[in-house]
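Let me begin by presenting the structure, written as structure tokens, before commenting on it.
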């Protein structure tokens with residue numbers, strides 16, 4: 001069989017295509033199938049790994065969702081407790097203000113009452129002094145006269 005001459009343009013182009021066709025059919029057929037099998041297996045393994053990763057991520061997301069729900073419920077309970085404490089503190093503050101007002105009013109009233117009692121006491125002391133002066137002056141005479 002004569003060797004193909006690749007120097008002649010027309011015949012070399014045809015012969016190059018034939019050569020490549022033969023080469024790809026004969027030579028590559030032995031490695032094509034393992035490459036395809038390897039590729040299919042690699043893709044299959046890769047997809048299986050990705051499925052496992054997706055499953056793990058889903059589990060992680062579900063766990064985080066449960067934690068978030070628990071945290072949200074806990075936060076809501078704490079918010080309600082805080083609101084209750086704020087309401088209680090507000091009521092206590094209002095009660096304190098009312099008690100303070102009442103005590104201030106009572107103190108002012110007691111000051112007024114004290115002033116009235118002081119005035120009454122001064123009046124009684126003045127009357128007592130007058131009576132004492134009268135009895136000091138006239139008491140012995142009245143006793144001798146038998147009026148006392």
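In UniProt numbering, the protein residues as written are 1 to 148. All C-beta atoms in this analysis are idealised placements derived from N, C-alpha and C, irrespective of residue type, glycine included.
In the three-state reduction of the DSSP assignment, residue 146 falls in the coil class, being assigned neither a helical nor a strand state. Rounded to whole angstroms, residue 102 and residue 80 show a C-alpha spacing of 32 Å. Within the segment 35 to 121, no complete alpha helix (DSSP H) segment of 4 residues or longer occurs.
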